[in-house]
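Each remark here refers to the structure printed beneath this line.
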Amino acid sequence: MKKLNKINYLLIATLVVFNSCASDDNYQPQTPQTELEIRIIELFGSKTSLILPLESNFSAIPSDPNNPITQAKVDLGRFLFHETGLAKNPKMEEGMHMYSCASCHHVDAGFQSGIRQGIGEGGLGFGINGEGRHKDPQYSDEDLDVQPIRTPSALNVAYQDVMLWNGQFGATGTNEGTEASWTVCTPKENNNFGFQGVETQVIAGIDVHRLMIDAEEIIASPYKAM
1098 MKKLNKINYL LIATLVVFNS CASDDNYQPQ TPQTELEIRI IELFGSKTSL
1148 ILPLESNFSA IPSDPNNPIT QAKVDLGRFL FHETGLAKNP KMEEGMHMYS
1198 CASCHHVDAG FQSGIRQGIG EGGLGFGING EGRHKDPQYS DEDLDVQPIR
1248 TPSALNVAYQ DVMLWNGQFG ATGTNEGTEA SWTVCTPKEN NNFGFQGVET
1298 QVIAGIDVHR LMIDAEEIIA SPYKAM
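Quick note: the sequence shown uses the numbering used here, first residue 1098, plus one each step.
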């Protein structure tokens, strides 16, 4: 009888272990799928509204009414993103024509910096995902164009009306009524042009990232035809 009781105890213990494992494997989240779907519909109107349009469907991609998307702008932007010819205002002569948007927004890093702090002028190298970019030893820390925190992604920015981690760029939508913080003689002053975040950041970035557009050079280059 004692032997039988021991066997029964072992069977019960085994069942408890298996039941415990089964309950872990079959764990159901506290929020059912239906509740998530309802919340998505409350926020966005429908689940399908979260499906990104084709890259050529410009009418379905948000854009600033003052700067509508066109195929010509897309084609030009693809070149300018990598164009070191705009790097005409460096602090040191060694930096002339040595950096571009792609210096800090690395494609294989999700169009953000592949390192903790992106380096524009004063940076060398690249690596595979941007992780190999490093400081040029000829530059002092004070002369670097280095970002205080990791560079935000430039991917799908059409879907946000403000730019940067703190949302400081953009004059409409989210930033309406924030005019008092658009400090004169700072990059935020560019919000007074009235554009959304993407356009405002680009305008501010010309000075911040030591770029310069030479109109005569553009006219004489293949870009003129675009």
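Ideal placement from N, C-alpha and C gives every residue a C-beta, glycine not left out. Small disclaimer: the values here were computed from a predicted structure and weren't measured.
G1264 and D1258 have their C-alpha atoms roughly 9 Å apart. Pairing W1262 with Q1214, the inter-Cα distance amounts to about 14 Å. Of the candidates V1305, V1171, E1296, E1180, V1305 places its Cα closest to the Cα of T1283. Relative to F1292, the option among E1313, G1142, G1270, A1277 whose CA is nearest is G1270. The three-state reading of DSSP puts F1290 in helix, counting H, G and I together.
For E1139, the enclosing alpha helix (DSSP H) has its first and last residue at 1130-1141. For N1288, the number of other beta carbons within 10 angstroms of its own is at least 16, and it is reported as buried. Per the C-alpha coordinates, the member of S1153, A1199, L1221, G1217 positioned closest to P1245 is G1217. Between A1268 and T1297, the gap from beta carbon to beta carbon is short of 9 Å. Of I1166, E1132, T1145, G1142, the smallest CA-CA separation from E1152 is found for I1166.
For V1243, the secondary structure class from DSSP, reduced to helix, strand or coil, is strand. Comparing alpha-carbon positions, the option among V1171, A1251, A1184, H1194 lying closest to F1208 turns out to be A1251. Contact annotation: N1253 and L1149 have beta-carbon atoms nearer than 9 Å. The residues K1144, in chain order, have a CB closer than 7 Å to that of E1134 in the same chain once the five nearest residues on each side in sequence are set aside. Note that the C-beta distance between Y1196 and G1220 is below 9 Å.
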